[in-house]
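If you use the working numbering, the sequence shown corresponds to residues 82 to 349, in order.
Heads up, the beta-carbon is just placed ideally off N, CA and C, and yes, glycines get one too.
Only a predicted model underlies this, so the values are computations on that prediction, with no experimental measurement involved.
What follows is one structure encoded as structure tokens, with my remarks underneath.
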Amino acid sequence: MKLTTFLKIAIATPLFAISIAHGQSANDGTLTLGMMLVGVDANNKPYTYIDDGKMVGFDVDLLRSVAKEMNLKIDFRVQDFSGLLPAVVNRQVDVAAGCIGITNSRSKMVDFSEPYLLGILSLATLPGSPITSEIESVKGRRIGVVQGTIEDTLSDQFAPGAEIVRFPNVNAGFLSMRSKYIDGYLIDKSQTDALVQKYPKIGLVSAIDLTANTLIAGYPMQKGNEAFKAKFNAALKTVARNGIWQLLYEKYFPTYPVSKALPTDLKH
């Protein structure tokens with residue numbers, strides 16, 4: 082799941098703005114007064130992606146609602162998934178988004194919002210792949226992951242004995258699978274479903290679904306920015322409890338039970 086995962090070293094990474102530039106600090110806890118800057122991977126459907134020139138997705142729409150609740154404007158900054166946490170650490174964005182899993186190693190670099198999503202991982206394959214429905218079949222095979230995702234971090238657990246091949250984004254790995262460079266692709270289940278829907282004739286399937294109920298997603302933000310974190314969490318809880326979260330979830334994940342995706346803390 083993209084829950085997506087998680088980074089090793091914070092290096093300065095250039096960001097490309099969809100809209101305006103930012104300052105250094107602000108009274109409301111944001112880098113730019115009145116504006117929430119959000120780092121996203123634009124190839125991370127259904128969480129953060131571009132459709133008809135517009136940034137859309139579950140996280141995008143949810144954060145628009147959160148920003149509105151906080152009386153903030155919102156600006157999305159695009160880069161590869163592996164650069165999102167460094168962007169937070171280096172104060173290039175206020176928040177990163179894209180079903181980013183909460184782990185101990187990441188929590189040493191950044192603070193996280195309240196958990197807002199649970200997920201399921203998928204080992205996607207194409208016809209002719211040697212991988213079967215048995216997890217043992219991945220041993221010795223080339224398995225793709227998106228660098229920095231939860232699948233990358235926990236690849237030893239979810240693809241034991243496999244040779245792990247890392248890609249900068251979902252599309253890059255998918256193209257490599259189509260060219261038979263990798264035997265399978267360990268990604269979020271919803272991403273597999275999105276690819277199946279987009280390419281219905283190529284025979285893409287989820288050979289193995291891997292439940293990851295202990296893996297939860299949150300929004301990374303700068304460490305120690307307690308005022309912003311408190312306001313953000315309050316707004317996130319409000320949009321979860323007033324029905325917006327569920328409406329967006331049903332829009333972007335129509336085949337998944339809501340009860341298995343919303344963390345307990347947001348239900349009350």
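Terminal residues of the alpha helix (DSSP H) in which residue i lies
| i | result |
| --- | --- |
| V320 | E307 to R322 |
| Y376 | Given a span of 82 to 349 for the chain in the structure shown, any question on residue 376 remains unanswerable. |
| R148 | The residue asked about is misnamed: residue 148 is Ala in this sequence, not Arg. Unbroken alpha helix (DSSP H) run through A148: F139 to E150. |
| A253 | V251 to R259 |
| L112 | Careful: L112 lies outside any alpha helix (DSSP H) and carries neither H nor E. |
| S218 | Unbroken run through S218: none, as it is neither H nor E. |
Distance, residue j Cα to residue i Cα
| i | j | result |
| --- | --- | --- |
| G324 | D133 | 27 Å |
| R187 | I297 | 13 Å |
| I99 | V147 | Interpretation of I99 is limited by its pLDDT of 37, a score under 50 that renders its predicted location unreliable; no figure is taken from the coordinates. |
| L114 | T336 | 39 Å |
| F193 | K220 | 34 Å |
| T230 | G182 | 8 Å |
| G104 | G110 | Only weak support is given to the placement of G104: the predicted model assigns it a pLDDT of 43, under 50, and the value that follows is read from those uncertain coordinates. Their backbone Cα atoms lie some 12 Å apart in a straight line. |
| L144 | K154 | 10 Å |
Continuous beta strand (DSSP E) stretch holding residue i: start and end
| i | result |
| --- | --- |
| T273 | Here T273 belongs to no beta strand (DSSP E); instead the alpha helix (DSSP H) covers K270 to K279. |
| D122 | No beta strand (DSSP E) holds D122; DSSP gives it neither H nor E. |
| D133 | No beta strand (DSSP E) holds D133; DSSP gives it neither H nor E. |
| E232 | Run containing E232: none in the beta strand (DSSP E); it sits in the alpha helix (DSSP H), I231 to T234. |
Whole-Å CB distance - residue i paired with residue j, under 8 Å assumed
| i | j | result |
| --- | --- | --- |
| I263 | I224 | 6 Å |
| L112 | R158 | Incorrect: roughly 11 Å between the Cβ atoms, too far for contact. |
beta-carbon residue i near the ligand ADP non-hydrogen atom, thresh 6 Å
| i | result |
| --- | --- |
| Y330 | Annotation note on the ligand ADP: not contained in the displayed structure, which lists no ligands. |
Does the region 162–179 come close enough to the region 122–136 to have 3 or more Cβ pairs within less than 8 Å?
yes
Is the number of C-beta pairs between the region 200–209 and the region 269–284 that are closer than 8 Å three or more?
yes
Decide yes or no for the touch test of the region 142–158 against the region 316–330: beta carbon pairs closer than 8 Å, at least 3 of them.
yes
Length at least 3, wholly inside the region 165–241: the beta strand (DSSP E) runs in chain order:
198–206 and 223–227
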